[in-house]
Every structure is written in C-alpha cells, then in structure tokens.
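Participant: These protein sequences, in sequence, are chains A and B. With the working numbering as the guide, the letters of the first sequence map in order to residues 65 to 615. With the working numbering as the guide, the letters of the second sequence map in order to residues 189 to 317. Here a beta-carbon is modelled for each residue, glycine too, at the ideal position from N, C-alpha and C. The structure displayed is predicted, hence computed values, not measured ones.
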Amino acid sequence: MMLFLVGLELRPDILWKLRGPIVGTGGLQLLVTTIVFAGLSMLAGLPAGVGIAIGMIFSASSTAIALQSLTERGQLPTRGGQTAFSVLLFQDLSVIPILAILPLLASQPQATTSSGPAESAAGPWIRALVVVGVVGAIVLGGRFLIRPVFRYIALTRLHEIFNAAALLLVVGIALAMERVGLSPALGTFLAGVVLAESEYRHELESDIEPFKGLLLGLFFISVGASIDLPLIQSQPFRIALLVFGLLVIKFAVLFFTGKVTRLENSQNFTFAFALAQGGEFAFVLVSFAVQNQLFDQGLGNLLVATVALSMVVAPFLFTINDRLIQPQFSSRLQTRDPDEIDEKDNPVIIAGVGRFGAVVSRLLNAQRIKTTVLDIDAEQIDLIRRLGFKVFYGDATRLELLRSAGAEKAKLLIIAIDDVDKSVQLTQTVQHEFPNLTMLVRAKDRDHAYQLINLGVRYIFRETLDSSLDLSVQALRLLGFGAYRANRAARTFKAYDEESVRDLAAFVNSDEKDFLGEIRRRVRTLDELFEAERAGQAFRYDKGWDPPRPS
Amino acid sequence: MAGRVLILFAHPAPDKSRINRQLIASVQGLNNVTINDLYEEYPTFDINVQREQELLLAHDIIVFQHPFYWYSSPAILKEWEDLVLEYGFAYGTGGTKLHGKLFLLIGPHVLRLVGNSGNDVRHVAEFGV
Numbered sequence: 065m066m067l068f069l070v071g072l073e074l075r076p077d078i079l080w081k082l083r084g085p086i087v088g089t090g091g092l093q094l095l096v097t098t099i100v101f102a103g104l105s106m107l108a109g110l111p112a113g114v115g116i117a118i119g120m121i122f123s124a125s126s127t128a129i130a131l132q133s134l135t136e137r138g139q140l141p142t143r144g145g146q147t148a149f150s151v152l153l154f155q156d157l158s159v160i161p162i163l164a165i166l167p168l169l170a171s172q173p174q175a176t177t178s179s180g181p182a183e184s185a186a187g188p189w190i191r192a193l194v195v196v197g198v199v200g201a202i203v204l205g206g207r208f209l210i211r212p213v214f215r216y217i218a219l220t221r222l223h224e225i226f227n228a229a230a231l232l233l234v235v236g237i238a239l240a241m242e243r244v245g246l247s248p249a250l251g252t253f254l255a256g257v258v259l260a261e262s263e264y265r266h267e268l269e270s271d272i273e274p275f276k277g278l279l280l281g282l283f284f285i286s287v288g289a290s291i292d293l294p295l296i297q298s299q300p301f302r303i304a305l306l307v308f309g310l311l312v313i314k315f316a317v318l319f320f321t322g323k324v325t326r327l328e329n330s331q332n333f334t335f336a337f338a339l340a341q342g343g344e345f346a347f348v349l350v351s352f353a354v355q356n357q358l359f360d361q362g363l364g365n366l367l368v369a370t371v372a373l374s375m376v377v378a379p380f381l382f383t384i385n386d387r388l389i390q391p392q393f394s395s396r397l398q399t400r401d402p403d404e405i406d407e408k409d410n411p412v413i414i415a416g417v418g419r420f421g422a423v424v425s426r427l428l429n430a431q432r433i434k435t436t437v438l439d440i441d442a443e444q445i446d447l448i449r450r451l452g453f454k455v456f457y458g459d460a461t462r463l464e465l466l467r468s469a470g471a472e473k474a475k476l477l478i479i480a481i482d483d484v485d486k487s488v489q490l491t492q493t494v495q496h497e498f499p500n501l502t503m504l505v506r507a508k509d510r511d512h513a514y515q516l517i518n519l520g521v522r523y524i525f526r527e528t529l530d531s532s533l534d535l536s537v538q539a540l541r542l543l544g545f546g547a548y549r550a551n552r553a554a555r556t557f558k559a560y561d562e563e564s565v566r567d568l569a570a571f572v573n574s575d576e577k578d579f580l581g582e583i584r585r586r587v588r589t590l591d592e593l594f595e596a597e598r599a600g601q602a603f604r605y606d607k608g609w610d611p612p613r614p615s
Numbered sequence: 189m190a191g192r193v194l195i196l197f198a199h200p201a202p203d204k205s206r207i208n209r210q211l212i213a214s215v216q217g218l219n220n221v222t223i224n225d226l227y228e229e230y231p232t233f234d235i236n237v238q239r240e241q242e243l244l245l246a247h248d249i250i251v252f253q254h255p256f257y258w259y260s261s262p263a264i265l266k267e268w269e270d271l272v273l274e275y276g277f278a279y280g281t282g283g284t285k286l287h288g289k290l291f292l293l294i295g296p297h298v299l300r301l302v303g304n305s306g307n308d309v310r311h312v313a314e315f316g317v
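#1: At the 8 Å Cβ level, is A/G626 part of the contact set with chain B, yes or no?
#2: Please state whether DSSP places B/F177 in a helix, a strand or coil.
#3: With distances taken Cα to Cα, identify the nearest neighbour of A/V234 among A/L568, A/G470, A/I433 and A/A260.
#4: At a CB-CB cut-off below 8 Å, which residues of chain A make contact with B/G203?
#5: Quick check: does the Cβ of A/L169 come within less than 7 Å of any heavy atom belonging to the ligand PLP?
#6: Leaving aside the five residues before and after A/D386 along the sequence, list all residues of the same chain whose C-beta is less than 8 Å from its C-beta, in chain order.
#7: Considering Cα atoms alone, identify which of A/A304, A/G418 and A/R432 is closest to A/A442.
#8: Applying a beta-carbon distance threshold of less than 9 Å, which residues of chain A neighbour B/Y259?
#9: Suppose the cutoff is 7 Å on Cβ atoms and the five residues either side in sequence are ignored; what does the same chain contact list for A/K508 look like?
#10: Run down chain E in chain order and give the residues with a C-beta less than 9 Å from the C-beta of A/D610.
#11: Strictly below 7 Å CB to CB, what residues from chain A border B/T232?
#12: Closer than 8 Å by beta-carbon distance: list the chain A residues that pair up with B/Y227, in chain order.
#13: Which one of A/T220, A/Q357 and A/S126 has the shortest CA to CA distance from A/F283?
#14: Give me the residue from B/D234, B/P202, B/V193 and B/R192 with the minimum Cα distance to B/E267.
#15: My output table needs one value for B/Q253: the three-state DSSP class, helix, strand or coil.
#16: Do you know whose CA, among B/E242, B/T284, B/I195 and B/I249, lies nearest B/L290's CA?
#17: Quick test of the definition: if touching needs 3 or more C-beta pairs under 8 Å, does the region 290-310 of chain A touch the region 367-379 of chain A?
#18: Could you work out which residue in A/G90, A/M120 and A/G88 is closest to A/G103 when comparing CA atoms only?
#19: Short check: CB of A/Q341 to CB of A/S374, under 8 Å?
#20: Given this structure, state the Cα-to-Cα distance separating A/A353 from A/L94, to the nearest angstrom.
#21: So, helix, strand or coil for A/L504, using DSSP?
#22: Span of the beta strand (DSSP E) holding A/A415?
#23: Can you give me the start and stop residues for the beta strand (DSSP E) that B/Y259 sits inside?
#24: Buried or exposed: which applies to A/V324, given that a residue is buried once 16 or more other Cβ atoms fall within 10 Å of its Cβ?
#25: Using a Cβ-Cβ cutoff of less than 6 Å, which residues in the same chain neighbour A/I118 once the five nearest sequence positions on both sides are dropped?
#26: List the residues that DSSP assigns as beta-bridge partners of A/D618.
#27: Return the CA-CA distance between B/R192 and B/W258, expressed in angstroms with no decimal places.
#28: Once DSSP output is grouped into helix, strand and coil, what is the label at B/D225?
#29: Let me make sure I understand the geometry here. Which of B/F197, B/I264 and B/E229 has the alpha-carbon closest to that of B/V221?
#30: In its own chain, which residues sit with a C-beta less than 7 Å from the C-beta of A/V350, not counting the 5 before and 5 after it?
#31: So, at 6 Å on beta carbons, what are the nonlocal neighbours of A/R83 in its own chain, with the 5 sequence-adjacent residues on each side left out?
#32: Measure the alpha-carbon distance for A/T461 versus A/N573 and round it to whole angstroms.
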C-alpha cells in the first residue's frame, strides 16, 4: 500500500520536467553504487552475479523515509531536496528493469535452475519475458481498460464505489503479480503509477490521504518486524560493520554524485544524508532474488537485516545533518571576511538587500541616489552582483563595518534585514554610536514593531501592512466599492492601525491583561469608525462631502 | 459639429449623491458618450496625462460634472486641470489643441437650485457654456 502511494506521486509530467536530474543524477548514483558494492562483494569472494545483485539491492534508498523527513523539515524545495527527490524517482523506476535483470543474473554459474516453481524450469529468459509481459499488460490495461471503467464509476457519483474500485484495483493487481511469482508490492506500485496518469488522481489522493499516516506507521512497523533479531544477536559485529559500511559507501557515492551535479556543499550534505539509508525495495528485491535462487535465504536474511537497520538509523542521520553539519555552513558563511568597502561617501546605507531591501535600493537608484548596500547572504549577493549591482558582503551589526560603510557621514540608514534580533541589535548600536544617523527600519511583524517603537525609532515600516491593504482595496473594488472610497478606507485603516501600534507598544511590557484590554478597545473603536460611515453618519474626514444640513 | 461627448465626472463620494448617480446612469451606454470617472480612475491622484489628452482630442463636447464645494470643483479636477491642460496643449505656443471644442459645466447643486424652489441658495453656480 505504501508503494501504491509512492506510485501515485509519480506523475508523468513531474517526471518529464525532472528528466535531466532523474536520469543523470539518479542513473549515476545507481551505477556507481552498484559497481562499488559489486566490486566489494567480489573481493569478499562472492560470484559476480550475486555481487551485482547486492549492489543493485543496496543502491536503492527509502522513498518513504527520505521524502517524509525532507517534507517535515521543509527541505524538499531546496536544491538538495529536489535532487534527492529525482534520485528517489529514478530508483523507484529502476526497480522494474532490475526485477527483469535479476533472473538473468541467476543464470550465472553459481545459481542453478533446478527445482522450484514450474515456470522457472523454463529458464530465466522466459521468466524475464513473463515479468516484462505482466508489467506491460498492467500499464496497457491501466491505460485502455481501467480508465474507462473509472470514468463509468465516476458517473455514478457514488464516492464509496469509487474508493472501493480503487482498492479493488490495487488488491487485484497485487494478487495477479503474486500469481506470476512477482512481488505484490511492485504490483501496487505499478497500480499507483497507472492511476497517477488518470484524471482521478487527485480524488484518489485526497481519499487516501487520511490513511497515509496510518500506512506509513504500518510500513515502519513492518520494517521493524523484518529485522531478524536472533540473526543480529548471533553476529552483531558483522552486521554492525555491514550497516556502517553500507551507510558510509552510499554516503560517499551520493556525495560524489552531488559534486558531479554541482550541488553546493551544504545542499550536498542534505542530499547525501537523506539518501544514505537502504530502501524498502531492497526487501522486494532480496525475496525476489531468493525466489530465483540467485543466493540463499541466509545471505538474503543478512541483507534484509542490514538494510532494515540502516533504515532505523536514518532519522539519526537527519539529526546529524541538522545539528552538526548544517550549522558548520552557516558559521562558515559568517567567517567569510567582509568586503573592502570603497564607497564611503554615499548618503544612504542599506542593510539587507533581500526581497525587501532590493525594492528600496532599486527605487532609490532609479532616482539617482547613491546607496551603499550591505548584505550577509552570500548567495543573494552573488545573484545581485550578476545583475550588475554593487553589494558588499558583511554583517551590518558590526561596528567597524558600519564605520567603513561611512555611517558617520551618511544621512540615512535603511535597515531591511529580516532577522529580528539583528535588526534590534543594529538599531541599538546605531543609536549609541551614530546618534545623528536617521534610521528607517523594516519591521517583520507587530512584535518587532513594538520593540522598535520602545527603542524610540521614528520610522518603522511593517513589511506586510501595505500589501495586505492593497489586497483589501482590490477586494472592496471587486465588491462594488468605488476606487476612491476603497482607497480612503484603507488609508484610514492604516493611519488608525499605525497609531494603535504606537499606543499598544507602551503596554507591551506591562501585564498581559492590560495589553489585551487595550487591543479590544482599539478594535471596537475601529469598528465604530467604519460603522459610522456605513450608517451614513458624519465621518471624521468627509463631512464636507455631505449635503449641507442646516441645524 | 459632430456630437461626441466626454463627461469628466468628479465626485469623491458618489455613494452619497443620488442625483449624480442618476445623471450618470441616464447617459451610461450611449454610443457617443464617454464617461470618465476621475476619482474611480485615479484614486491616488496619479493622473495619466497622455490618456486624458487623448480623450479630450477624441471628443467634441466636454462636460464637467461635479458637485460644487466652496464655489469650486472637487480637488481632483484641479489636479486634472494643472496636469492635463499643459503648456503647448491647452495654452502657450502651439497650445491650440482644444480649439473649437464645446465645454459645458453641470453640477447637481445647480439643478437643486432650479428644482428645489430656491430654498437652498448658498450654492451658486453658472449653468452654461
């Protein structure tokens, strides 16, 4: 069932968009990992066919663990996360050819085609053909048979029947696969892919979404259950060594792959740590290989135990990456030496040139005002430099840097950094060291604004206020308000809100009850203001537009 | 003279003026009449001078429709005059672009004056050319 969901994620258009990274990075990873493990296995005295099989088994990573963990940490949209996703997709896809190749490997001298299920007597080639045939039948059947059926079911508008049909399809395919001697897991995976192409994908996904957590739990329990504890007890060191070896080698190969695809180091670490564990496909492949007598049950159990344990360790790998590795990068960023600033006489200094500061500096530059721009985000700086603007790297909260940026002579300092603590710290430094420098400060939110107000900053700009007011104005207009009236309403609101933030700032440090009471009073007053306008009563600002009423 | 009419409508609070709404509604959709609602078009007073001049050139009769405040027009119309009727367009060297156009002034208080049997005479305005 888990694999069914994985299959559902495999939408062809996503696949197509990512075809470069999937085939390139994924293929490279799979190939190198297989070669390395095959080589090691052969060094350990195993036959080539078995070695290659082990290599392919170990090359897969756990889609369930990696995707889930990356999503939880919000790392999926990063470059490292995207690369990991691509590689996982490639691994998922490669299972199908691998399943076809495994019986061929069994024809190597080591394995014999003696006893066993009837069809295996017919030789590994037939076996491979059967696999390809069944897979082909599912894909074609899914396209031309299942879709019309689903369309018909959807016409009945009975939600439950739709759900049941989807489940029937999954179970049916799983049984069919088992019948021809393939893993039911692979069957459900294929069913997922088939349905991913159907127009009912989203409906299916939302139907199954509530079960996802449950299924994931079951999945992890089954991973745990597949660990053969007596086996581990009997040879703990050997297995520990295998797990360690698996993780280290996979990590090394992944890191190498990441380097080849030019991931930056921090992203590359995320990528490699995310995928270093073994994957659930390994279980499928091992049992398949054992069925085909590629190797015996004993070796199979050993491989399963190794992979399962590596999956158990996976969350710790993520933690290591978060706690130990990534902080290294951020601190290393900070130890980059500040740039030499060669413009000391500009009237305006802008600290922070992200999405907020960039607009400010563009507008000022358009008015031919010279600005000295500082930022601490190396990536952002490189981007802006590529666009032809001059930016200096450095931490604006540091006094020497401010001094070398000309803070003593400048007229304005625009603080547009998004780190609240740093912003407050910088404000205090400037108040202390450069009392004549006027500050214009971007406030992240009301709390930040309160802090700045209480520090006595005069020019404070709450970053989301104006865009949400703009949106409200447009909403009012679409609801039939005149443009001028909507704009005035927004301006009144803004003026009132600015005033209330300044008033409330005084209460922030007092006890909570006062603060909440003051907020409530404020909201009430605002309501009354707008109510007065709605009722057509004299409103503060446009009394003059009312018809004269002699009293 | 052909009769293409441009109505320059300026009311900061049209929702408070039934008569202005009625007047506008009565000409809305007429083929040869263009209604240019200035407060709706430029709620932040950023008047698009080129658009306004093109509108003037494309019409023969220009009607100012607005309430009378302090014997004058609402603020946006003054802004409009200052920006649109610029040198070289409406006055000065070559400022003859509006020659031959007919300008009319219409204000609801004027109509009030007429229709309300004269009991509200604090607002006085010319009605005409």
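Facilitator: So, from the data block:
#1: The first residue shown for chain A is 65 and the last is 615, placing residue 626 of chain A beyond what the model contains.
#2: Given a span of 189 to 317 for chain B in the structure shown, any question on residue 177 of chain B remains unanswerable.
#3: A/A260
#4: Correcting the residue type first, residue 203 of chain B is Asp in the shown sequence and not Gly. The answer, in chain order, is G546 and R549.
#5: No copy of the ligand PLP occurs in the structure displayed, which carries no ligand at all.
#6: R137
#7: A/G418
#8: The premise fails here: B/Y259 is roughly 13 Å from chain A at the closest Cβ pair, so nothing lies under 9 Å.
#9: D482, V484 and E527
#10: Absent here is chain E; the protein component of the structure consists of chains A and B.
#11: N551
#12: G546, A547 and Y548
#13: A/S126
#14: B/D234
#15: strand
#16: B/I249
#17: yes
#18: A/M120
#19: yes
#20: 18 Å
#21: strand
#22: V412 to A415
#23: Where B/Y259 is concerned, there is no enclosing beta strand (DSSP E), given that its DSSP letter is neither H nor E.
#24: exposed
#25: F101 and S105
#26: The requested residue 618 of chain A is not part of the displayed model; chain A covers only 65 to 615.
#27: 31 Å
#28: strand
#29: B/F197
#30: I121, G364, L367 and V368
#31: none
#32: 25 Å
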